[in-house]
Structures are given as C-alpha cells and as structure tokens.
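Just so we're aligned, residue 4 is where the sequence shown starts under the working numbering, counting upward by one. Structure first, commentary second.
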Amino acid sequence: TKERCFEIMNAVVYDNAELFWCAHGLGSVSYNSAGIATDVIFKYVMTPNEAKRRKKKIETAIKPFLKGIKPSMSDYEAALRTYENIVDLIDYDTIGLREQKRDPNSNDKPDNLRSIYGVFEEKKAVCAGYAKAFQYLCDLSEFSSDAIQCHTVYGEAIYGRSGGLHMWNVVTLDDGRNYLVDVTNSD
C-alpha cells in the first residue's frame with residue numbers, strides 16, 4: 004500500500020541520519036498496473052552542492068562530540084560517553100520548533116531541528132535530532148564487539164496526562180540485551 008511505502012521511506016530516513024537532505028514523510032511512489040510499487044522517490048530539501056557543503060561542516064563540527072571516547076573503554080562506556088557528550092553540547096530548541104510549526108513552507112526547507120546538521124553545526128535540536136545524532140555517532144564508533152547496534156525508533160511518548168510524537172534509540176550491547184536510550188529527556 005501507499006501508506007506502507009511511506010512507512011518504509013520514513014524508516015530509511017530515520018535509521019540513516021546521514022540522509023539529512025531527504026524530507027521526512029515526503030516523496031512519491033509509482034505503481035504498475037498490478038498495484039506493485041515500481042519507483043520510490045525521496046523528496047530532497049536542498050541541492051546536491053548544499054548537501055556536500057553541510058556534510059563537510061558536519062565532519063568538522065563532530066569533533067567535540069567524540070571527546071573523551073578512548074579505545075580502552077568498554078562498549079558500554081563508549082556509548083555512555085557519546086550520550087553524555089550530546090547532552091552536554093546540545094540544547095532543545097523549543098523556540099525553533101514553535102516557529103517551524105507556524106511556517107506553512109517548512110516541508111520545503113531543510114529540517115535542521117531534526118537532523119544531524121542541526122545537532123553538530125547549530126547545537127540545537129528536538130528529539131529526532133538528538134536520536135539521529137546518537138545513532139550516527141554510534142555508527143561511527145569502533146566498538147570492540149560487532150554485536151553492538153543502534154537504531155532510531157519513533158512513536159508516542161506519554162508525559163503525565165499528555166503525550167506526543169517522540170524519537171529515541173534502542174541500543175544492543177555485547178550482552179545481547181536491548182537498552183532504550185532517550186538522550187532528549189536527559190537534557
């Protein structure tokens with residue numbers, strides 16, 4: 004179904020933070036006469052040159068986020084240090100989120116609040132940015148075990164009597180157990 008294709012497209016963008024130039028939930032799907040998806044096209048929110056420019060900035064801006072991570076650390080310690088670095092260096096951008104919600108053209112612009120660019124270069128984000136940054140840094144880490152995996156997940160979080168959409172991580176450590184990591188709610 005069309006809905007399932009968009010779920011898959013979102014999963015690809017959510018679980019691959021380096022695709023920061025793709026819009027969330029936007030694109031197109033073409034079907035053949037049997038109703039089978041034949042083409043999936045992601046919507047880009049910037050030119051290839053802008054994406055390259057931002058990628059270079061990310062590569063430079065990422066250094067403070069790797070501070071204190073040493074090869075002698077256990078996988079748990081490295082993941083924890085990554086988590087702590089993000090909490091220490093990023094601010095939740097309530098004002099930016101409010102402004103973005105008021106902007107009718109926000110789907111046509113880069114979403115820095117929810118991307119690794121916003122985290123590493125601007126040092127501001129909302130939950131999606133935090134979660135993607137954590138996964139991105141875990142993906143870059145050279146853990147001692149190949150069993151270490153980090154995934155970004157999204158759903159609804161309940162806060163007292165209210166709730167809303169939220170994004171966090173699931174990390175599988177070398178003990179084979181899954182751990183929920185919510186960097187946003189630690190900031």
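No residue lacks a Cβ here, since even glycine has one placed at the ideal position from N, Cα and C. Computed from a prediction, not measured in an experiment: that's the story for all the values here.
query                                                                                                           : result
D96 (DSSP reduced to helix, strand or coil)                                                                     : coil
The stretch 170-187 contacting the stretch 147-155, beta-carbon criterion three pairs below 8 Å                 : yes
Continuous beta strand (DSSP E) stretch holding A160: start and end                                             : Q152 to Y162
Secondary structure of K5, DSSP reduced to three states                                                         : helix
Whether I151 touches D78 by CB criterion (8 Å)                                                                  : yes
Spatial neighbours of E145 in its chain, beta-carbon cut-off 8 Å, leaving aside the 5 residues before and after : P74
Which residues DSSP lists as bridging G166, in chain order                                                      : I161
Check whether V122 and L100 have beta carbons under 8 Å apart                                                   : no
Which of helix, strand or coil DSSP assigns to G132                                                             : helix
Closer than 7 Å: H169 CB and nearest the ligand MG heavy atom                                                   : As presented, the structure is devoid of all ligands, the ligand MG included, so that no description of it is given.
Inter-stretch contact at 8 Å, needing at least 3 Cβ pairs: the stretch 29-37 / the stretch 5-18                 : yes
C-beta atoms of E21 and A64 nearer than 8 Å                                                                     : no
Residue environment, L140, which counts as buried when at least 16 other CB atoms sit within 10 Å               : buried
For A81: DSSP bridge partner residues                                                                           : In DSSP, A81 forms no bridge with anything.
Own chain residues within Cβ distance below 8 Å of Y120, not counting five before or after                      : F23, R57, K60, I61 and P113
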